[in-house]
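J.:
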Amino acid sequence: MRLGYACINLSIPARSNHRCLLKNASSGALRRLISQNLAGLREILEYNAARNILLFRISSNVIPFASHPVNRISWEDEFAPQLAGLGRIIAEFNMVVSMHPGQYTIINSPHPQVVRNSLAELDYHRRFLDALSGSACHKIVVHVGGLYGNKARAKQRFIEQCRDMDPGMKRRLVIENDDRLFTAADVLELSHQTGLPMVFDHLHHLAHPSGPERVAEWLLRARSTWEPSDGDYKVHYSDQDPQKKKGSHAHSIDIEKLRCFLAELPDYRVNIMLEGKDKNLSVERVMELLAMG
DNA sequence: AGGTGTCAAGTATTA
DNA sequence: TAATACTTGACACCT
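Taken in order, the first sequence gives residues 276 to 568; the numbers are from this note's numbering.
1) To which residues does DSSP link residue 567 through a beta bridge?
2) With a cut-off of 8 Å on the beta carbons, I'd call residue 404 and residue 374 a contact; round off their distance for me.
3) How far does the beta strand (DSSP E) with residue 400 in it extend, from its first residue to its last?
4) Are there 16 or more other CB atoms within 10 angstroms of the CB of residue 332, so buried, or fewer, so exposed?
5) Can you have a look at residue 542 and say buried or exposed, based on whether 16 or more other CB atoms are within 10 angstroms of its CB?
6) Given that a residue counts as buried once 16 or more other Cβ atoms are within 10 Å of its Cβ, and exposed if not, what is residue 447?
7) Per DSSP, residue 349 is paired with what?
8) Is it buried or exposed for residue 502, if we count other Cβ within 10 angstroms and need 16 for buried?
9) Rounded to whole angstroms, how far is the Cβ of residue 499 from the Cβ of residue 459, which I believe are closer than 8 Å?
10) Are the CB atoms of residue 284 and residue 555 nearer to each other than 8 Å?
11) Can you tell me the Cβ-Cβ gap for residue 477 and residue 449, rounded? I've got them flagged as a contact below 8 Å.
12) In terms of residues, what are the limits of the alpha helix (DSSP H) holding residue 322?
13) Need the endpoints of the alpha helix (DSSP H) that residue 432 sits in, please.
14) By the three-class DSSP mapping on this structure, what secondary structure does residue 536 have?
15) I'd like the list of long-range same chain contacts for residue 527, defined as Cβ closer than 6 Å, with 5 residues on each side in sequence excluded.
16) Please report the distance separating the alpha-carbon of residue 276 from that of residue 296.
17) When we look at the beta-carbon of residue 425 and count the other beta-carbons within 10 Å, is it buried (16 or more) or exposed?
18) Would you say the stretch 304-313 touches the stretch 336-345, given that touching needs at least three Cβ pairs under 8 Å?
19) Beta-carbon within less than 6 Å of residue 456's beta-carbon, same chain only, minus the 5 sequence neighbours each way: which residues are those?
20) Output the boundary residues of the alpha helix (DSSP H) element that contains residue 461.
21) On the DSSP bridge assignment, give the partners of residue 473 in chain order.
22) To which residues of the same chain is residue 539 closer than 7 Å at the C-beta, ignoring the five residues directly before and after it?
23) With DSSP as the reference, label residue 415 as helix, strand or coil.
24) Along the chain, which unbroken stretches of the beta strand (DSSP E) at least 3 residues long are found entirely within the stretch 491-547?
25) If contacts are defined as beta-carbon pairs under 8 Å, then residue 286 and residue 316 qualify, I think. What distance do you get, rounded to the angstrom?
26) Look up residue 372 in the DSSP assignment and give the residues it is bridged to.
27) Specify, as a first and last residue, the run of the alpha helix (DSSP H) that residue 279 falls within.
28) Rounded to a whole number of angstroms, what is the C-alpha to C-alpha distance between residue 366 and residue 417?
29) Check the C-beta distance from residue 322 over to residue 549 and give it rounded, since I have them as a contact under 8 Å.
30) Go ahead and pull the three-state DSSP assignment for residue 285.
Given below as structure tokens:
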């Protein structure tokens, strides 16, 4: 079982998500940011390795404006040594990394330009992960997208986009249930129709449940969508923030609630992304309590 | 040095 | 029809 966190380490000053405003995005500024971000990412992965934290989500900002025409840097060539160095760390410790594009990446949009931009953004994520490792266990996690007043048609557009997708892209994609529009049942159905594995997000499922099935049943179904080449199945886990509205991530992870969740898992060959706001702090505390350190 | 408004992009919801 | 939340930190600019 791997436990991991998203994008930011709160224990060291290193960061891999430095960016700039579009108006300041000169080639020089972008090169400096990329260099700084790759160095920061290396420090974070080394920190993780030293603590046996083998799962990490890489910030989409690691290459700023990567899918925007303002960024004309051939970063795969210019930073090939740094990227290869990151890849060696990942391989040496058998780490799994992932990426999660932002809210503007919507491949089921009825607007062709939105889809084109989204595919360009996905292609950037694919190229970044490909630069680190050829293994298909490093995934890009996406949501289904928007509803546009007709869920059946929205799903159909998602399926069509996946059908037309390059196999090199498709092997990196996984779909996750969200907290408002597409439930675990929706995503499972789309997983069967597209061949994309499913990430089960526990908090989103509680915020927007589907059907009478127990969580254990959804976990079993989600696991069944992962092929051996995809690596261990992945779930997202966090607690509800009691102060805020439904679906908001709590500050940290409650160990007793987590133990209950773990008991629902069909098996422990699993990658669990802990999405608490205190990032690696909760991961380290939980690993200590579960005697995983 | 510290405080605050702003930031590439889309969609759904509300006012 | 227009504003705003989403989720959130980092930057840019101001004092």
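Built from N, CA and C at the ideal position, the CB exists for glycine as well.
T.: Well, looking at it:
1) As a first step, residue 567 must be located in the first sequence, where it is residue number 292. The partner list for residue 567 (beta bridge, DSSP) is empty, contrary to what the question assumes.
2) Here the question's residue 404 lines up with position 129 in the first sequence. Here the question's residue 374 lines up with position 99 in the first sequence. Indeed, because the Cβ distance is near 7 Å, the residues count as touching under 8 Å.
3) The residue labelled residue 400 in the question sits at position 125 within the first sequence. First-last for residue 400: 387-407, but that is the alpha helix (DSSP H), not the beta strand (DSSP E).
4) Numbered from 1 along the first sequence, position 57 holds the residue referred to as residue 332. With 16 or more other Cβ atoms within 10 Å, it is buried.
5) Sequence index remark: in the first sequence, residue 542 carries index 267 (1-based). Counting Cβ neighbours within 10 Å, residue 542 comes out exposed, since fewer than 16 surround it.
6) The residue you call residue 447 lines up with position 172 of the first sequence. Residue 447 should be labelled buried.
7) If you number the first sequence from 1, residue 349 lands on position 74. Answer is none; residue 349 lacks a bridge partner.
8) Here residue 502 refers to the residue found at position 227 of the first sequence. It is exposed - the Cβ of residue 502 has fewer than 16 other Cβ atoms within 10 Å.
9) Within the first sequence, residue 499 is the residue found at index 224, counting from 1. Within the first sequence, residue 459 is the residue found at index 184, counting from 1. So it is not a contact: roughly 13 Å between Cβ atoms.
10) Taking the first residue of the first sequence as 1, we reach residue 284 at position 9. Taking the first residue of the first sequence as 1, we reach residue 555 at position 280. Yes, the pair counts as a contact, with Cβ atoms nearer than the cut-off.
11) Mapped onto the first sequence, residue 477 falls at position 202. Mapped onto the first sequence, residue 449 falls at position 174. Wrong, their Cβ atoms sit about 16 Å apart, outside the cutoff.
12) Taking the first residue of the first sequence as 1, we reach residue 322 at position 47. 302-325 is the extent of the alpha helix (DSSP H) around residue 322.
13) Translated into the one-based positions of the first sequence, residue 432 becomes position 157. Where residue 432 is concerned, the enclosing alpha helix (DSSP H) stretches over 426-438.
14) Taking the first residue of the first sequence as 1, we reach residue 536 at position 261. Three-state result, residue 536: helix.
15) Numbered from its first residue, the first sequence carries residue 527 at position 252. Excluding positions up to five away in sequence, the list reads 551, 553 and 557.
16) Here the question's residue 276 lines up with position 1 in the first sequence. Here the question's residue 296 lines up with position 21 in the first sequence. Looking at the two C-alpha atoms, the distance is approximately 39 Å.
17) For the purposes of this step, residue 425 is taken as the residue at position 150 of the first sequence. That one is exposed.
18) yes
19) As a first step, residue 456 must be located in the first sequence, where it is residue number 181. Around residue 456: 422.
20) As a first step, residue 461 is located in the first sequence; it is residue number 186 there, counting from the start. For residue 461, the enclosing alpha helix (DSSP H) starts and ends at 459-469.
21) By 1-based counting over the first sequence, the position of residue 473 is 198. DSSP, once it has assigned bridges, lists 450 as partnering residue 473.
22) In the first sequence, counting from the first residue as 1, residue 539 sits at position 264. Counting only Cβ-Cβ distances below 7 Å, and skipping sequence neighbours, we find 490, 491 and 494.
23) For this step, residue 415 is matched to residue 140 along the first sequence. Three-state result, residue 415: strand.
24) 508-512
25) For this step, residue 286 is matched to residue 11 along the first sequence. For this step, residue 316 is matched to residue 41 along the first sequence. Going by Cβ atoms, the distance from residue 286 to residue 316 rounds to 15 Å, so no, they are not a contact pair.
26) Within the first sequence, numbered from 1, the residue matching residue 372 stands at position 97. Paired residues: 331.
27) For this step, residue 279 is matched to residue 4 along the first sequence. Note, residue 279: premise wrong, no alpha helix (DSSP H); beta strand (DSSP E) at 277-281.
28) Your numbering for residue 366 matches position 91 in the first sequence. Your numbering for residue 417 matches position 142 in the first sequence. Taking the straight line joining both Cα atoms gives about 24 Å.
29) Locating residue 322 in the first sequence gives position 47, where the first residue counts as 1. Locating residue 549 in the first sequence gives position 274, where the first residue counts as 1. Rounded, the Cβ-Cβ distance is 16 Å, inconsistent with contact.
30) As a working note, residue 285 is residue 10 in the first sequence. Residue 285 falls in the coil class under three-state DSSP.
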